[in-house]
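Just so we're aligned: the sequence shown equals residues 603 to 1126 in this note's numbering.
Yeah, the Cβ is synthetic: ideal placement off N, Cα and C, and Gly gets one too.
Bear in mind that the values here come from a model prediction, so they are computed numbers and not experimental data.
Presented below is the structure to which this report refers.
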Amino acid sequence: MTDNLAPTGLVPDSYQTIAQQLQANAAARGDQPALIAIDVGKSLSWDALHRFTIRVGHLMRAMGIKANDRIGVLGDNSIENLILYYGIQAYGATYCTINTEVNSNHLAEMLQRINPKVVFWQEDLDPTEIGYGSPGTWIHYGAFDGEGDGLFAMLESMPSEPVIEPLNEPEDRSVISFTSGTSAQPKGVLHCFSNYYAIAQHQQERWSITPDDRILEFRSFSWASAHMLSLNPALLTGAALIFAKHFSRSRFLDWITEHKPTIIVAVPTVVNMLLESPPQNAATTFDGVRFVSCSTAPLMPEQHRRFEDTYGVPLVQLYGMSEGGVVCANYPDTRRIGSVGKPGLYHNITIRDPHGNALPQGEVGEIETVSAQHAQAYLHAGGELEPIRGGALKSGDIGYLDEDGFVIVTGRARDVIIRGGVNIAPLEIDAVLTTHEAVAEAATFGVPDAVYGEEVASWVTVKPGQTLTPEDLANHCGARLPEAKRPKHIEIVGAIPKNDRGKFDRDAARAQWEAAGLTAGENG
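This is the structure:
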């Protein structure tokens, strides 16, 4: 168990409103860039951002919006979206975001669940696909620097001063986001202003972020993780936020050369893509970059080592949850390969056995945390709320604390393979498979077996220019794993199924397994 005490009452002593942070940055940094949109070649200064958010506040007041009223925002990564992200919260209302690209099957239900007073939407979206008109008042963006109608035309008539005193208290709701969903409905998560502030404070401390930093983000702004690692820390510290709509392998090196980021926020999929075909000047690719972060999905130690050896830049892992904040993170200068780092600011972590008993260092169990970083509640279908904040949060992840206080995550509790009564962590098998020089990625999961209940199956992708057979990998695992843990079926595949967060989609893998009529013991 760790002792990283949360502040009394869960609200950090240094708490600042979004409006206070915007005002401080405008006063200190004025014409310096706050937001840099790579795709459209546009930027916005801290002073201009501050004035836009004041106008948003005056519009909210004119529309009769109150604290905790929900404002839907549908659109991709853009300066317009960020003006709304900061402006709605600076006023004290609740910014609600849905990823329209990946949640089309659930969009109507998710909008009903949010029940927004107003929806601001990006006009190049198809109205028939985003549930236009229900519920709430719908207003399309327009452009922050262009002519025409829409939201930004309305903002032109709003004053850019004075600042409206925020309506919210620290425990009022700041953001509603949704977790990744595959076949099941995504979970809605209600965040409050103080838990988002605690997370930003953690990032400032753990990554030593200053106004001189330039943070590169290319993950969707609909992810709570993007808020936690980029949007909110940039605001708190005055760092510039450089962003794109999506990651681009072909343009990535140009982004670094042109925009000179000091921190790059990435995911394992990006790390693996960069390892597939490193440029000739790989060792100098990240000149000026302090570190690259990696989170959202597991990263194998072998990939971690290869990335640092290839590119010569520290790769810093961390571990978080939409509802739990940044639970653990490495310090860039003392990162440990194979670990997600030490418990985050305000996080008290306990490892528990299946009976709820606390376990000592070195023993594997479920990760449980109590923290000021916790979100306020889950938002279930039908609008029901399930409280989170103020109590212990079971992560559903399995891991342990080592002798130095670093946390090692070994997998998801629901993904553990139970073979004849023996618990097998899929990540342990993946870690062995990826030590083979020809393996790009590996993903292990359990499949039905008449004798043992479950058997171990692994899907593997091969590095470009390499050849590999399932028998090669069976021999590789045979020399490194006990018999019970060796994959009984190994399939060489073109791509491993993943969800929008870059996580291995086990439901899709099992569906493909069943559709192919495979059985354990057959190598493909």
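Apart from the five residues just before and just after HIS660, which ones in its own chain have a Cβ nearer than 6 Å to its Cβ?
-> To locate residue 660, count along the sequence shown from 1; it is residue 58. So the qualifying residues of the chain are MET760 and PRO761.
Are the region 807-817 and the region 761-771 touching by the rule of at least three beta carbon pairs closer than 8 Å?
-> no
Run through the region 915-1001 for me and flag every whole beta strand (DSSP E) of 3 or more residues, listed as ranges in chain order.
-> 917-923, 927-931, 949-954, 967-973, 979-981 and 987-989
With distances taken Cα to Cα, identify the nearest neighbour of PRO916 among GLU904, VAL720, ARG937 and ARG1108.
-> As a working note, residue 916 is residue 314 in the sequence shown. If we check each option's Cα against that of PRO916, ARG937 comes out closest.
What separation, rounded to the nearest whole angstrom, lies between the Cα atoms of TRP857 and ARG631?
-> Taking the first residue of the sequence shown as 1, we reach residue 857 at position 255. Taking the first residue of the sequence shown as 1, we reach residue 631 at position 29. Using only the alpha carbons, I get a separation of about 23 Å.
Between GLY940 and PRO1072, what straight-line distance do the alpha-carbon atoms span, to the nearest angstrom?
-> Locating residue 940 in the sequence shown gives position 338, counting from the first residue. Locating residue 1072 in the sequence shown gives position 470, counting from the first residue. Taking the straight line joining both Cα atoms gives about 26 Å.
Could you tell me the boundaries of the beta strand (DSSP E) in which GLY674 lies?
-> By one-based count along the sequence shown, residue 674 stands at place 72. It spans 672-676 - the beta strand (DSSP E) in which GLY674 sits, taken as one unbroken run.
Please state whether DSSP places PHE893 in a helix, a strand or coil.
-> Within the sequence shown, numbered from 1, the residue matching residue 893 stands at position 291. Looking at PHE893 - three-state DSSP - the assignment turns out to be strand.
Are the beta-carbon atoms of CYS698 and ILE778 separated by less than 8 Å?
-> Here residue 698 is taken as the residue at index 96 of the sequence shown, counted from 1. Here residue 778 is taken as the residue at index 176 of the sequence shown, counted from 1. Yes.
Reference ASP935, options GLY1007, THR971, VAL894 and ILE638, closest by Cα = As a first step, residue 935 is located in the sequence shown; it is residue number 333 there, counting from the start. For the residues GLY1007, THR971, VAL894 and ILE638, the minimum Cα distance to ASP935 belongs to VAL894.
Quick one: what does DSSP say ALA636 is sitting in, helix, strand or coil?
-> In the sequence shown, counting from the first residue as 1, residue 636 sits at position 34. If DSSP states are grouped into helix, strand and coil, ALA636 belongs with the strands.
Which of helix, strand or coil DSSP assigns to PRO1072 | For the purposes of this step, residue 1072 is identified with residue 470 of the sequence shown, where counting begins at 1. Helix, per DSSP.
Who are the near neighbours of GLN975 in its chain, counting only those whose CB is closer than 7 Å to its CB and skipping five residues on each side?
-> Residue 975 sits at position 373 when you count from the first residue of the sequence shown. Here the set comprises ASN797, ALA800, ILE801, HIS804, GLY926, GLY927, VAL928, GLY946, TYR948 and HIS949.
Best match in ALA868, ARG991, HIS742 and ARG1082 for proximity to GLU725 [C-alpha to C-alpha] | Start at 1 with the first residue of the sequence shown, and residue 725 comes out as number 123. The residue with the shortest Cα to Cα distance from GLU725 is HIS742.
Sheet register partners of VAL869 (DSSP bridge) | By one-based count along the sequence shown, residue 869 stands at place 267. According to DSSP, VAL869 bridges with nothing at all.
Going by the beta-carbon positions, is the gap between TYR687 and PHE823 smaller than 8 Å?
-> Against the sequence shown, residue 687 aligns to sequence position 85. Against the sequence shown, residue 823 aligns to sequence position 221. Yes; because the gap between Cβ atoms is below 8 Å, this pair is in contact.
Under the three-state DSSP convention, the category PRO1050 falls into = The sequence position of residue 1050 within the sequence shown is 448, counting from 1. PRO1050: strand per DSSP, three-state reduction.
In the DSSP assignment, find the unbroken beta strand (DSSP E) run with LEU831 in it and report its ends.
-> By 1-based counting over the sequence shown, the position of residue 831 is 229. Neither: LEU831 is in no beta strand (DSSP E) and is coded neither H nor E.
Please name the residue or residues paired with VAL765 in a DSSP beta bridge.
-> Start at 1 with the first residue of the sequence shown, and residue 765 comes out as number 163. The partner list for VAL765 (beta bridge, DSSP) is empty, contrary to what the question assumes.
Grab me the residues of SER785's own chain with a C-beta within less than 8 Å of its C-beta, minus the 5 sequence neighbours each way, in chain order.
-> The residue given as residue 785 occupies position 183 in the sequence shown. With a pLDDT of 44 at SER785, under the threshold of 50, the modelled position of that residue is not reliable, and the figure given next carries that caveat. Result list for SER785: ASP1109, in chain order.
Does the distance from the CB of GLN978 to the CB of ARG775 come in under 8 Å?
-> Here residue 978 refers to the residue found at position 376 of the sequence shown. Here residue 775 refers to the residue found at position 173 of the sequence shown. Yes, Cβ-Cβ distance for GLN978 and ARG775 is below 8 Å.
Counterpart residues of HIS1091 in DSSP-defined beta bridges | By one-based count along the sequence shown, residue 1091 stands at place 489. Partner(s): ALA1059.
Where does PHE845 fall in DSSP's three states?
-> Sequence index remark: in the sequence shown, residue 845 carries index 243 (1-based). Correct three-state label for PHE845: strand.
Where do the ends of the alpha helix (DSSP H) carrying PHE566 lie?
-> The structure shown does not extend to residue 566, since the chain spans only 603 to 1126, so no value can be given for it.
Among THR702, LYS1087, ALA664 and ASP911, which has the Cα closest to the Cα of LEU876?
-> Position 274 of the sequence shown, counting from 1, holds the residue named residue 876. LEU876 has its Cα closest to that of ASP911, out of THR702, LYS1087, ALA664 and ASP911.
Got a sec, what are the start and stop residues for the beta strand (DSSP E) GLY790 sits in?
-> Counting from 1 along the sequence shown, the entry for residue 790 is found at position 188. Residues 790-794.
Pair within 8 Å by beta-carbon distance, GLY943 and ASP955 = Along the sequence shown, read from residue 1 onward, the residue named residue 943 stands at position 341. Along the sequence shown, read from residue 1 onward, the residue named residue 955 stands at position 353. Their beta carbons are not under 8 Å apart, which means GLY943 does not touch ASP955 by this criterion.
Would DSSP call THR610 helix, strand or coil?
-> The residue given as residue 610 occupies position 8 in the sequence shown. Its pLDDT being 41, under 50, THR610 is placed unreliably in this model, and the value from its coordinates should be taken loosely. If DSSP states are grouped into helix, strand and coil, THR610 belongs with the helices.
What residue range is occupied by the uninterrupted beta strand (DSSP E) comprising GLY1013?
-> Counted from its first residue, the sequence shown places residue 1013 at position 411. Per DSSP, GLY1013 belongs to the beta strand (DSSP E) from 1009-1014.
Around the C-beta of SER616, are 16 or more other C-beta atoms found within 10 angstroms, so that it is buried, or is it exposed?
-> As a first step, residue 616 must be located in the sequence shown, where it is residue number 14. So SER616 ends up on the exposed side.
Excluding the 5 residues preceding and the 5 following ARG1112 in the sequence, name in chain order all residues of the same chain whose CB lies nearer than 8 Å to its CB.
-> Residue 1112 sits at position 510 when you count from the first residue of the sequence shown. PHE1047 and VAL1049, listed in sequence order.
Residues that DSSP places opposite ASN1025 in a beta bridge | Translated into the one-based positions of the sequence shown, residue 1025 becomes position 423. Answer by DSSP bridge pairing, in chain order: ILE1020.
Are the beta-carbon atoms belonging to ALA983 and ARG715 less than 8 Å from one another?
-> By 1-based counting over the sequence shown, the position of residue 983 is 381. By 1-based counting over the sequence shown, the position of residue 715 is 113. Going by C-beta atoms, ALA983 is nearer than 8 Å to ARG715.
Does the beta-carbon of LEU987 have 16 or more other beta-carbons within 10 angstroms, so that it is buried, or is it exposed?
-> By 1-based counting over the sequence shown, the position of residue 987 is 385. Exposed, since its Cβ has fewer than 16 Cβ neighbours within 10 Å.
HIS688 - containing alpha helix (DSSP H), residue span = As a position in the sequence shown, residue 688 is number 86, starting the count at 1. The sequence as given places Tyr at residue 688; His does not occur at that position. Per DSSP, TYR688 belongs to the alpha helix (DSSP H) from 681-693.
Residue nearest to PHE1106 in terms of C-alpha spacing, selected from VAL869, SER924, ASN1077 and GLU1005 | Along the sequence shown, read from residue 1 onward, the residue named residue 1106 stands at position 504. It is VAL869.
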